[in-house]
């Protein structure tokens, strides 16, 4: 994580991912997504969010193979 990287709150990170904050909190409870705990506060590194998005990419079917 870069030192100048601004951490995202649950609401901000949910916006980046296009999901509700409630869903993101459930993912945190299930340890489905990397996060940082600062006391009671949950925050997310933007690079972790981008890696998570890339890791969950579903490629298109190859139309030529049909």
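Numbering (our numbering), first residue to last: 3 to 68. We treat Cβ as the ideally placed atom computed from N, Cα and C, and that holds for glycine.
Secondary structure note for residue 31: its alpha helix (DSSP H) is the uninterrupted segment 23 to 31. Residue pairing for residue 46: DSSP places it in a beta bridge opposite 10.
A residue is called buried when at least 16 other Cβ atoms come within 10 angstroms of its Cβ; residue 53 does not meet this threshold and is exposed.
Taking residue 7 as the centre and dropping the five residues before and after it, the same chain places the C-beta of 47, 48 and 49 closer than 7 Å to its C-beta, in chain order. Going by beta carbons, residue 38 and residue 30 fall outside the 7 Å limit.
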